[in-house]
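Read the structure below first, then the notes.
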């Protein structure tokens, strides 16, 4: 058990820092104007400097660093890699409003943290620098990979929630169409009455249709963001019916 203690400590510390990074990345998407107006309404700050000092340490220091790292990572990633990462984030529903730059910054941070902790525990405290360096290098790979397991779990959970919501959504859609609503109106009724990742996708599709995107394209774009076969079949049937001029 004592031999495993450094590994346990390293894992817990790295996980804690990773969770903090996720929290900071999520917070960075809050509208800064609205946040500032809220603060000004509740806090009688004498000047901007005092207002900044009233913010938590993480908001004043760590969040700007995270934003800069996110921008730097986004600039050096390839287009194909960016597209693959974007797809994985979309499947997970963009947790905490993370974008590609944010996500890559989290992975790089996790890799550095794991490497540093492993090197300190096994190299410095264990008084074996060579082993510390070797395990530290392994820590880079571990830290870089751990966030992907979390993201994959979020994607699977979201897909399961979509699958569970499909029957209720189709029932309400059918009832609404039979009541005389058009397809878009029936879809809006589903969005109004139900909550969940499926209705979030329908809401996005309706918003795109309202700004001029074709219904066919808006619905088709849901497929790669969800990858749920029953939903793919349903959307395919709707698109085919529209192409053939069959009443939906």
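Residue numbers (my numbering): -12 to 235. Using N, Cα and C, we set each Cβ at its ideal position, and we do this for glycine too.
- A residue is called buried once 16 or more other Cβ atoms fall within 10 Å of its Cβ, and residue 152 is buried on that count.
- In the three-state reduction of the DSSP assignment, residue 121 falls in the helix class.
- DSSP, reduced to helix, strand and coil, places residue 114 outside both helices and strands of the structure shown, so it counts as coil.
- Taking the Cβ atoms as the reference, residue 75 lies roughly 7 Å from residue 142, within the contact range of under 8 Å.
- By the Cβ rule, the region 93 to 100 counts as touching the region 118 to 131, because three or more pairs are nearer than 8 Å.
- Rounded to whole angstroms, the separation of the alpha carbons of residue 206 and residue 184 is 15 Å.
- Contact between the region 190 to 204 and the region 156 to 165 is not established, with fewer than three Cβ pairs separated by less than 8 Å.
- For residue 212, the CB contacts under 6 Å within the same chain, skipping 5 residues up- and downstream, are 77 in chain order.
- For residue 82, the closest alpha carbon among the candidates 137, 118, 186, 124 is that of 137.
- At least 7 Å separates the beta-carbon of residue 104 from that of residue 110.
- Relative to residue 169, the option among 73, 202, 146 whose CA is nearest is 202.
- Per the C-alpha coordinates, the member of 167, 112, 88 positioned closest to residue 68 is 88.
- The beta carbon of residue 175 sits closer than 7 Å to the beta carbons of 193 from its chain, once the five residues preceding and following it are set aside; these are given in chain order.
- Across the set 171, 222, 172, 106, the C-alpha of 106 shows the shortest separation from the C-alpha of residue 119.
- In its chain, beyond the 5 residues on either side, 150, 153 have a beta carbon closer than 7 Å to the beta carbon of residue 217.
- Contact annotation: residue 102 and residue 126 have beta-carbon atoms nearer than 7 Å.
- Collapsing the DSSP output to three states places residue 214 in coil.
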